[in-house]
Structures are given as C-alpha cells and as structure tokens.
Amino acid sequence: MNDIELLKYGRHFRIDEGRKVIVGRNERDNRALEKLAGPGDAALHVADYPGPLAIVPGGGDQEVLATAASLCVLYSDAPKDRAVKVACTVDGRELALVAAAAAREEVKGLLV
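Numbering (our numbering), first residue to last: 15 to 126.
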C-alpha cells in the first residue's frame, strides 16, 4: 500500500505503535481506499447500513480489527446504541464481526 497516497484520503487513527486505521469520509474516499488496499490489508464496512470503508494496512489481530469495526460503526448510519454486523475482508477471506460504535471521546485520542 502506498502510504503517501493514503494520506490524501479519510480519517487516520493510530491504534498502537504499529497499526493505524483509515476510515473513509465520503464515497470518493471509500473508492480510493478500496483501490489502494493491497494484499494483507483488512477492509471493513458496516453490513446493513450506509457508511465508510475502513482499511487496516497489513491487517491486524482481533483487537485491532474490533477497534477498526467500532470506528466504522461510529461514522456509519447504523444506530449508535447497539452492536451491528461489520464485514471484514482480508486476502479474500470474509470475517463477520459485531461491533458497537466507538465513543467519540476515546476516538479523539487516536486521531492523527
């Protein structure tokens, strides 16, 4: 994945020292992130509601993917008061996650 090109799109969150999540802000960002995603990257979207595409460059463990899923829910049209389905694809494998929206106060500390 081209890190320089990625900086042009989405909201960037630093999850830990080695991982970040990029969440599309609009349809243009979502399309660009989809094109820029490469092998090993995780791509997430809320299954039953309109919303962003989130990319985790290099994939991640369950904790990182859970955080990415909660960010995806936060910026989607999904209800914020309950958990919803989030689809995650890594190297053609589909994972079904369930996540509630991240708390906005916690997210502020992760935003790059």
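No residue lacks a Cβ here, since even glycine has one placed at the ideal position from N, Cα and C.
Every value quoted in this text rests on a predicted model; they were computed, and no experiment measured them.
Open item on the list: For Asp55, count the other beta carbons within 10 Å of its own beta carbon; 16 or more makes it buried, fewer makes it exposed. Which is it?
Closed with: Buried is the call here.
Open item on the list: I'd like the list of long-range same chain contacts for Gly38, defined as Cβ closer than 6 Å, with 5 residues on each side in sequence excluded.
Closed with: Non-local C-beta neighbours of Gly38 in its own chain, meaning closer than 6 Å and more than five positions away in sequence, comprise Gly24, Asn44, Leu47, Pro66 and Leu67, ordered along the chain.
Open item on the list: At the 9 Å Cβ level, is Leu47 part of the contact set with chain C, yes or no?
Closed with: Protein chains in the displayed structure number just one, and chain C is not present.
Task: Near the ligand GTP: Ala115 beta-carbon under 8 Å from a heavy atom - done: Only the bare structure without any ligand can be found here, which leaves the ligand GTP out of the picture.
TODO: Please name the residue, chosen from Arg28, Asp91 and Glu19, that lies closest to Lys122 on a Cα-to-Cα basis.
DONE: Ranking Arg28, Asp91 and Glu19 by Cα distance to Lys122 puts Arg28 first.
TODO: Assuming Val70 and Ala82 form a contact by the criterion Cβ under 8 Å, report the distance between their Cβ atoms to the nearest whole angstrom.
DONE: A Cβ-Cβ distance of about 5 Å is found for the pair Val70 and Ala82, placing them in contact under the 8 Å criterion.
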